[in-house]
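Beneath this line is the structure, given in structure tokens, with notes to follow.
Protein chains in written order, with the working numbering: chain Z, 1 to 206; chain R, 1001 to 1421.
Given below as structure tokens:
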């Protein structure tokens, strides 16, 4: 007996029940999804439902921990300059960057947003192998604070996303003297990469 | 304009298809016609007003969460439509306008009205939400670009409404099985994909298990949305064509019946023409129209430059025509650094790399007097080209001589990394 139609009906009924409760939370009964939902919760910010990119959860490399979320495209401004308008974009792609304990080696607080980073991202369609350059993620501030991101266009598909963060060595000076203000550590040299896998981008955001 | 026309057609089609099919299936006795018409108007307007209100709230406030909206309205609509389809098949070939209306008639009418209400809210939301795309960011409705886009949206809506009206009229003139078959096919073709898309929305939010199979269905549905809509639009044109051959037959016993028969035939032929015409326009809109609306022009060819000493020189006359011109310089490490120039006024040029900080070296093209980023589609304010920020071309300096506009070799060399991505 084909169980898919039954599963579909049951799932919709379940979802309806959950939605009627006014929440957007995870459910019991699906161990994988529940585990993912626990580790990668979706966030409601200013009426916007942020969704995780893939099921990898936040990724750490060197002194940075990066999380990717996406939601419906939003209008932005950058002085009088033109920005990708929401109406012409498929989504707003957000890169949340925070420092970790390793950043204390060069005098930076952990769990802080880090400015002046050159962050780019590309999406690899795992079915076709096609690589889409998502461009440079720009620093910006939303109601929930600063982040990097942009409005982007991307065809629906099953993607792995690779985020690359260049060394900020040309953006920050470091105190390197022997005095008490000097730092022991140095910035990373080669660009850091972070991979987020199994992103089912279904093209459905309003 | 074309883009908004296509968006309008694609947004209004599911809404109008559903509503017109439901309207064509209401049962009422002749003496109830006005009453039911009033009830239908109230129900449909209520649904549309709710949809418009939710779309407005979503666009202007933080109180509407679209997945929650879909989760509540979607299943209710699916249920209403399923009940309606059951009612239609139970009703079978009974006369919709019997003097004596029984429970079969009431069942089909009430379920149709429930369907009108729920589909108006569900599909109406998308339609009203897309109205937001009429006015480009940073523009106003009073500007000519916005007015053209508005005209496109209105025209698309009018086309769909006219075609749907043709269906409502013609559906009453065809055998019940034609009407019921079309009703069933259209609703199943509309609702089943919607249910799958809705499941995926929940799966994305980890509310239900994710499924690779269902996600592949989602991709197929997304990819074939326009084709599916085209077939549905053609399907609702069928009653208009079939109705020409399904006119009442029998002896016409007096001149009044003859005149009535002739008038009926003329009307059927007109609606056949309407159905064929709307089918052709839908076909053109959802194929060639959609292709053109989404077409991204090729980047213009690179134009000649001359390297003299420390400068790359381009013809001043060439770049003084008010159009975008693209050039390239090969750096010492073999990287092709592209740059552009456009005349802004009598004394100034807008110059920059054929790349921006956001989208990288994707390039710019000129379309209808606008300079547009090939990747993100941002329309540049030409007067800001040469200034840093946003999706503007990364600015580069220039100097003007009597015959040339000159660019520094050293500066172009310094930007090689931008084009190595």
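Each residue gets a CB set at the ideal place from its N, CA and C atoms; glycine is no exception.
Opposing strand residues paired with residue 1313 of chain R [DSSP bridges]
R:1306 and R:1406
Among all the DSSP beta bridges, which residues are the ones paired with residue 1330 of chain R?
R:1336
Reference residue 71 of chain Z; option with closest CA among Z:151, Z:126 and Z:146
Z:151
CB contact check: residue 151 of chain Z to chain R, cutoff 9 Å:
yes
Going along the segment 1343 to 1358 of chain R in order, which residues come within less than 8 Å of chain Z, judged by CB to CB distance?
Residues of the segment 1343 to 1358 of chain R whose Cβ lies closer than 8 Å to any Cβ of chain Z, in chain order: 1357 and 1358.
Determine, for residue 169 of chain Z, whether the minimum Cβ-Cβ distance to residues of chain R falls below 9 Å.
No, no contact with chain R.
Output needed for residue 1056 of chain R: all residues of its chain with C-beta closer than 8 Å, excluding positions within five of it in sequence on either side, in chain order.
1128
Throw me the rounded Cβ distance for the residue 1156 of chain R and residue 1009 of chain R pair, which I believe falls under 8 Å.
4 Å
Nonlocal neighbours in the same chain, by C-beta distance under 7 Å from residue 1077 of chain R, ignoring five residues either side:
1118, 1119 and 1122
With a threshold of 16 other CB atoms inside 10 Å of the CB of residue 1311 of chain R, please say whether the residue is buried or exposed.
buried
Straight-line CA distance for residue 1394 of chain R to residue 1360 of chain R?
Between residue 1394 of chain R and residue 1360 of chain R, the alpha-carbon positions lie close to 9 Å from each other.
Chain-ordered chain R contacts of residue 87 of chain Z [CB-CB under 8 Å]
Under the 8 Å cutoff, chain R gives 1132, 1133, 1136 and 1137.
Taking residue 1204 of chain R as the reference, give the member of R:1273, R:1316, R:1326 and R:1067 with the closest Cα.
Comparing Cα positions, the closest option is R:1067.
At the level of alpha carbons, what is the spacing between residue 1088 of chain R and residue 1108 of chain R?
6 Å
Are the beta-carbon atoms of residue 187 of chain Z and residue 205 of chain Z separated by less than 9 Å?
no
Neighbouring residues, chain R, relative to residue 136 of chain Z (Cβ below 8 Å)
1357, 1358, 1359 and 1360
Given this structure, state the Cα-to-Cα distance separating residue 1275 of chain R from residue 1231 of chain R, to the nearest angstrom.
13 Å
Proximal residues to residue 1239 of chain R (C-beta, below 8 Å), its chain only, five neighbours per side dropped
1167, 1170, 1171, 1173, 1174, 1178, 1179, 1182 and 1275
Examine chain Z for any beta-carbon lying closer than 9 Å to the beta-carbon of residue 1067 of chain R, and answer yes or no.
Look at residue 1067 of chain R: its C-beta is under 9 Å from a C-beta on chain Z.
Which first and last residues belong to the beta strand (DSSP E) in which residue 92 of chain Z is found?
91 to 99
Quick check on DSSP: helix, strand or coil for residue 210 of chain Z?
Lying outside 1 to 206, the shown extent of chain Z, residue 210 of chain Z is not represented and no answer is given.
Report the residues of the segment 1201 to 1222 of chain R with a CB closer than 7 Å to any CB of chain Z, ordered along the chain.
1201, 1202, 1204, 1205, 1206, 1207, 1208, 1209, 1210, 1215, 1218, 1219 and 1222
The beta strand (DSSP E) enclosing residue 145 of chain Z, as first and last residue numbers:
145 to 152
Alpha-carbon to alpha-carbon, residue 1366 of chain R and residue 984 of chain R:
One cannot answer for residue 984 of chain R here, as it falls past the ends of chain R, which runs 1001 to 1421.
Backbone CA spacing between residue 1374 of chain R and residue 1317 of chain R [nearest angstrom]
26 Å
Here's the rule I'm using: 16 or more other beta-carbon atoms within 10 Å means buried, otherwise exposed. How should residue 1295 of chain R be labelled?
The residue in question, residue 1295 of chain R, is exposed, as its Cβ has fewer than 16 Cβ neighbours within 10 Å.
Give the interface partners of residue 79 of chain Z over in chain R, defined as CB-CB distance under 7 Å, in chain order.
What residue 79 of chain Z touches in chain R: 1389.
Evaluate contact between the segment 175 to 195 of chain Z and the segment 137 to 156 of chain Z, counting only Cβ atoms and requiring at least three cross-stretch pairs below 8 Å.
Pairwise C-beta distances place the segment 175 to 195 of chain Z out of contact with the segment 137 to 156 of chain Z, as fewer than three of them are shorter than 8 Å.
Establish whether the CB of residue 160 of chain Z and some CB of chain R are separated by less than 9 Å.
no
The segment 1273 to 1293 of chain R in contact with the segment 1189 to 1209 of chain R per 3-pair CB rule at 8 Å:
In short, these stretches do not touch, since the Cβ pair count stays below three.
Kindly indicate the opening and closing residues of the alpha helix (DSSP H) around residue 1283 of chain R.
1255 to 1284
Quick one: does residue 1264 of chain R have its CB under 9 Å from some CB of chain Z?
no
Please determine, among R:1325, R:1324, R:1414 and R:1228, the residue with the shortest C-alpha to C-alpha distance to residue 1282 of chain R.
Comparing Cα positions, the closest option is R:1228.
Any chance you could list the alpha helix (DSSP H) runs of at least 4 consecutive residues sitting entirely within the segment 1040 to 1108 of chain R, in chain order?
1066 to 1091
Under DSSP, the beta strand (DSSP E) around residue 1366 of chain R begins and ends at which residues?
1364 to 1367
On the three-state DSSP scale, how would you describe residue 165 of chain Z?
Strand.
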